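Enquirer: The structure follows.
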Amino acid sequence: MTSISTDPRPLRTADLGTLVIMSWSRETPDGDVPFLLACSLGDGEGGPEATPAAVEGLLSRAGIAVGDATVLDATVLPDLPVGLLVVPGAAALTMPGVNAQFAPTPQWRAAVDRQGYACLIFATRPWSGGEPGDGAAVAAFANHEDTLSSAAQVVLPVRTLRS
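Quick note: the sequence shown, position 25, residue 24 per numbering that gives the first Met the number 0, numbers continuous.
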């Protein structure tokens, strides 16, 4: 007798490696828009080759598809298990398997305060080099076709300790 398991494969967090979160804002006619880039450094047990599958597994457990040109609007999906908590001087991206705290830039924080959301780009592609804090390197990586075509894109509502 053959049985088929409907349980997802176990998440190999060791293949995720170091997860980094980088924040920046982009000027638009409607005001600055805050962005977050989440990606692995590709330093997990399986190296950069294992990173895409590990990140995709992490995202799928949170109900987030990758590689789709659609931007998921979490502001209208209260049951999505992904959150962004912002407090003075710090912020945290939370989802099943992740609690990543980071220090946002002052410009990003001001944009988040005005907009009430941030646009998350969660890359399955590992960070391709350069210093993660270098604005030009972050922009080049985040806007690269290979990054965007394989990333999850989510508009996240901002939560504060008061909300």
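C-beta: ideal position from N, C-alpha, C; glycine also.
All figures in this text were calculated on a predicted structure; none of them were measured in a lab.
With 16 other CB atoms within 10 Å as the buried threshold, where does THR1 fall?
Expert: Note on THR1: pLDDT 39, under 50, position unreliable in the model; the coordinate value appears next. When all chains shown are included, THR1 counts as exposed.
Enquirer: Compute the beta-carbon to beta-carbon distance between ALA13 and GLU44, rounded to the nearest angstrom, for a pair I have assumed lies under 8 Å.
Expert: Confirmed, Cβ separation roughly 4 Å.
Enquirer: Is the beta carbon of LEU18 sitting closer than 8 Å to the one on SER39?
Expert: The answer is yes: Cβ separation under 8 Å.
Enquirer: Quick one: any contact between the stretch 142-160 and the stretch 115-127, if contact means 3 or more CB pairs under 8 Å?
Expert: Contact between the stretch 142-160 and the stretch 115-127 is present, because at least three Cβ pairs lie under 8 Å.
Enquirer: Roughly how many whole angstroms lie between the Cα atoms of ALA138 and VAL97?
Expert: So the alpha carbons of these two residues sit roughly 23 Å apart.
Enquirer: MET94 and ALA61 look like a contact to me (Cβ under 8 Å); what is the Cβ gap, rounded to whole Å?
Expert: Their Cβ separation, rounded to whole angstroms, is 5 Å, which keeps MET94 and ALA61 in contact under 8 Å.
Enquirer: What's the C-alpha gap between GLY66 and ALA49?
Expert: Whole-angstrom Cα-Cα distance: 17 Å.
Enquirer: Determine the DSSP secondary structure at TRP23, reduced to helix, strand or coil.
Expert: Three-state DSSP puts TRP23 in a strand.
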